[in-house]
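A.B. asks: Note that the working numbering gives residue 496 to position 156 of the sequence shown, counting from 1, and the numbers run on in steps of one. Glycine is no exception: its CB is placed at the ideal position from the N, C-alpha and C atoms. Attaching a single structure in structure tokens format; questions to follow.
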Amino acid sequence: MNFPYRIFTDPSADLSPEIIAEQEISFVPMHYSIGGETRDIAGLEQPEVLKRFYDGQRGGDLTQTSQISPQVYIDLFRPLLLEGQSVLYLSLSSGLSGTYQSACMAAEELNQLHPSARLACVDSLSATAGMGLLLEAAAENRAAGMSLEENAAWLEENRLRVCHWFVVEDLMYLKRGGRVSSATAVVGTALNIKPVLTIAEDGTLATIGKIRGSKAALKQLVSYYEQTSPGGQGERIIVIHADNPAGADFLEAELKQRNPACRLTRVALSPIIGAHTGPDMCAFVHFGRRTLD
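Printed below as a string of structure tokens:
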């Protein structure tokens, strides 16, 4: 298909393979490591690879990711710009990673080298399937004739409408990333406390609740949906899970009960985000009011 400009993101975004193929959404390559083995990733991992990844975490393998450097963006985007192509890039939240700053540094250099080039970088202030929602919308905007500049402006105007609600199973992953203290992780693990989290308006991770037990925590997520979702026919909801199909089943049933007219799909959590949240994480995203009462 001959699109007027390319849409790029990074592998921290989660969306369906069908959307990626139909809309020709491309990925800036990254790499992650587990148990000392490093893997390159430039899209979605296969289900069997994800299963090994989360089983490895359960077995005690350490996982890490690395930030995308400005040179990676330059090496990827410059040949496209020289061919006369234009690029809209949506990054992982600047509150969670430095990839947006790297992309902006690369864009500044490329725009100086090629003043006629059209390259726009947008900070999603989101993660995982929250980025997926924005990418779906960006693709729809492009198909409707929206220019690259208009699309970038739309994304910036609407990114704070993306609501992220999620719960992690193992606090130790958040402790390693500095998201919770060691004392909180140890006590929470001993008491089976599950932190309920969101992404705040500044794009950072925020704890909004601490619930005892996984099922109760998932029910709390659904209560946030009831508070912040406008509902309606065709409402777009994406459920995400880190090798936790039972938790995803529960969320899907509860959300469809509350809005039978929604368009709900399920995606697997990529290793880029899963490296920092651990196995069995469950979440969902939708458009609505990001802040709670």
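For H504, list the residues DSSP reports as bridge partners.
C.D. replies: Position 164 of the sequence shown, counting from 1, holds the residue named residue 504. Looking at the DSSP assignment, H504 forms a beta bridge with V625.
A.B. asks: Considering only the beta carbon of each residue, do I551 and I381 sit closer than 9 Å?
C.D. replies: As a position in the sequence shown, residue 551 is number 211, starting the count at 1. As a position in the sequence shown, residue 381 is number 41, starting the count at 1. Contact: no.
A.B. asks: For E566, which residues from the same chain have a beta carbon less than 7 Å from its beta carbon, with the 5 sequence-adjacent residues on both sides left out?
C.D. replies: For the purposes of this step, residue 566 is taken as residue 226 along the sequence shown, with counting starting at 1. Excluding residues within five positions, the ones whose Cβ falls inside 7 Å are R598.
A.B. asks: In whole angstroms, what separates the C-alpha of G376 from that of Q404?
C.D. replies: On the sequence shown, position 36 is the one that residue 376 refers to. On the sequence shown, position 64 is the one that residue 404 refers to. In a straight line, the C-alpha of G376 is about 9 Å away from that of Q404.
A.B. asks: G571 by DSSP, collapsed to three states: which one?
C.D. replies: Counting from 1 along the sequence shown, the entry for residue 571 is found at position 231. DSSP places G571 in coil when its eight states are reduced to three.
A.B. asks: Figure out for me which residue from I578, P344, M486 has the closest Cα to the Cα of W505.
C.D. replies: Counted from its first residue, the sequence shown places residue 505 at position 165. Nearest option by C-alpha distance: I578.
A.B. asks: Measuring alpha carbon to alpha carbon, tell me which residue in G572, E448, L390, G485 is nearest G614.
C.D. replies: Locating residue 614 in the sequence shown gives position 274, where the first residue counts as 1. Here the closest residue by C-alpha is L390.
A.B. asks: Going by Cα to Cα distance, which pick from D589, S431, F417 is closest to Q425?
C.D. replies: In the sequence shown, the residue the question calls residue 425 occupies position 85. Measuring from the Cα of Q425, the nearest candidate turns out to be F417.
A.B. asks: Excluding sequence positions up to five away, which residues of its chain have a Cβ less than 8 Å from the Cβ of G396?
C.D. replies: Counting from 1 along the sequence shown, the entry for residue 396 is found at position 56. I374, G375, T403.
A.B. asks: Is the beta carbon of M621 sitting closer than 9 Å to the one on A582?
C.D. replies: For the purposes of this step, residue 621 is identified with residue 281 of the sequence shown, where counting begins at 1. For the purposes of this step, residue 582 is identified with residue 242 of the sequence shown, where counting begins at 1. Cβ distance < 9 Å, so M621 and A582 count as in contact.
A.B. asks: When DSSP labels each residue in this structure, what does C444 get in the three-state scheme?
C.D. replies: Within the sequence shown, numbered from 1, the residue matching residue 444 stands at position 104. Reduced to three states, the DSSP call for C444 is helix.
A.B. asks: Suppose you measure from the CA of R501 to the CA of I539; what does that come to, to the nearest Å?
C.D. replies: Residue mapping note: residue 501 aligns to position 161 of the sequence shown, counting from 1. Residue mapping note: residue 539 aligns to position 199 of the sequence shown, counting from 1. Their backbone Cα atoms lie some 11 Å apart in a straight line.
A.B. asks: If distances are taken between C-alpha atoms only, which option among G549, G485, A556 comes closest to F343?
C.D. replies: Residue mapping note: residue 343 aligns to position 3 of the sequence shown, counting from 1. Minimum Cα distance to F343 is reached at G485.
A.B. asks: Mind listing, in chain order, the continuous alpha helix (DSSP H) runs of no fewer than 4 residues lying wholly within the segment 369-408?
C.D. replies: Within the segment 369-408, the complete alpha helix (DSSP H) runs of at least 4 residues are 387-398.
A.B. asks: Measuring only the C-alpha atoms, how far is A467 from A353?
C.D. replies: Position 127 of the sequence shown, counting from 1, holds the residue named residue 467. Position 13 of the sequence shown, counting from 1, holds the residue named residue 353. Their Cα atoms are separated by approximately 6 Å.
A.B. asks: At what residues does the beta strand (DSSP E) containing Y429 begin and finish?
C.D. replies: Your numbering for residue 429 matches position 89 in the sequence shown. Here the beta strand (DSSP E) through Y429 covers 427-431.
A.B. asks: Look up P344 in the DSSP assignment and say whether it is helix, strand or coil.
C.D. replies: Within the sequence shown, the letter at position 4 stands for residue 344. Coil at P344, not helix or strand.
A.B. asks: Helix or strand or just coil, what does DSSP make of T439?
C.D. replies: In the sequence shown, the residue the question calls residue 439 occupies position 99. Here T439 sits in helix by DSSP.
A.B. asks: Is T631 helix, strand or coil by DSSP?
C.D. replies: The sequence position of residue 631 within the sequence shown is 291, counting from 1. Correct three-state label for T631: coil.
A.B. asks: Kindly list the residues whose CB is nearer than 7 Å to the CB of L474, restricted to its own chain and excluding five residues on each side of it in sequence; keep chain order.
C.D. replies: Within the sequence shown, residue 474 is the residue found at index 134, counting from 1. L430, S464, S466, L495, R499, V502, listed in sequence order.
A.B. asks: Once the 5 residues before and after I533 are set aside, which same chain residues still bring their CB inside 8 Å of it?
C.D. replies: By one-based count along the sequence shown, residue 533 stands at place 193. If we look at I533 and ignore the five residues flanking it on each side, its Cβ neighbours are L511, V527, K550, I551, R552.
A.B. asks: Measure how close the beta-carbons of G383 and F393 come, nearest whole angstrom, since I'm counting them as under 8 Å.
C.D. replies: Residue numbering aside, residue 383 sits at position 43 when the sequence shown is read from its first letter. Residue numbering aside, residue 393 sits at position 53 when the sequence shown is read from its first letter. Not really, about 15 Å apart at Cβ, beyond 8 Å.
A.B. asks: By how many angstroms is the C-alpha of S433 removed from the C-alpha of Y440?
C.D. replies: If you number the sequence shown from 1, residue 440 lands on position 100. If you number the sequence shown from 1, residue 433 lands on position 93. Going by the C-alpha atoms only, they are around 7 Å apart.
A.B. asks: Per DSSP, T468 is paired with what?
C.D. replies: The residue labelled residue 468 in the question sits at position 128 within the sequence shown. Answer by DSSP bridge pairing, in chain order: A353.
A.B. asks: Alpha carbons only, please: which of V536, D350, A608, T568 is nearest the one belonging to M471?
C.D. replies: If you number the sequence shown from 1, residue 471 lands on position 131. Nearest C-alpha to M471: D350.
A.B. asks: List the residues that DSSP assigns as beta-bridge partners of V607.
C.D. replies: By one-based count along the sequence shown, residue 607 stands at place 267. According to DSSP, which records beta bridges pairwise, V607 is partnered with I580.
A.B. asks: Considering only C-alpha positions, which residue in the set L428, L421, P570, K555 is nearest to A493?
C.D. replies: If you number the sequence shown from 1, residue 493 lands on position 153. Considering only alpha carbons, the answer is L428.
A.B. asks: Going along the chain, which residues of its own chain have a beta-carbon closer than 8 Å to the beta-carbon of R603, five neighbours each way excluded?
C.D. replies: As a first step, residue 603 is located in the sequence shown; it is residue number 263 there, counting from the start. Excluding sequence neighbours, R603 sits near G574, E575, R576, I577.
A.B. asks: Assuming L436 contacts T544 under a Cβ cut-off of 8 Å, what Cβ separation, rounded to an integer in Å, is found between them?
C.D. replies: As a working mapping, residue 436 is identified with position 96 in the sequence shown. As a working mapping, residue 544 is identified with position 204 in the sequence shown. That belief holds up - the Cβ atoms of L436 and T544 are roughly 7 Å apart, short of 8 Å.
A.B. asks: Please state the DSSP three-state secondary structure of G614.
C.D. replies: Mapped onto the sequence shown, residue 614 falls at position 274. If DSSP states are grouped into helix, strand and coil, G614 belongs with the helices.
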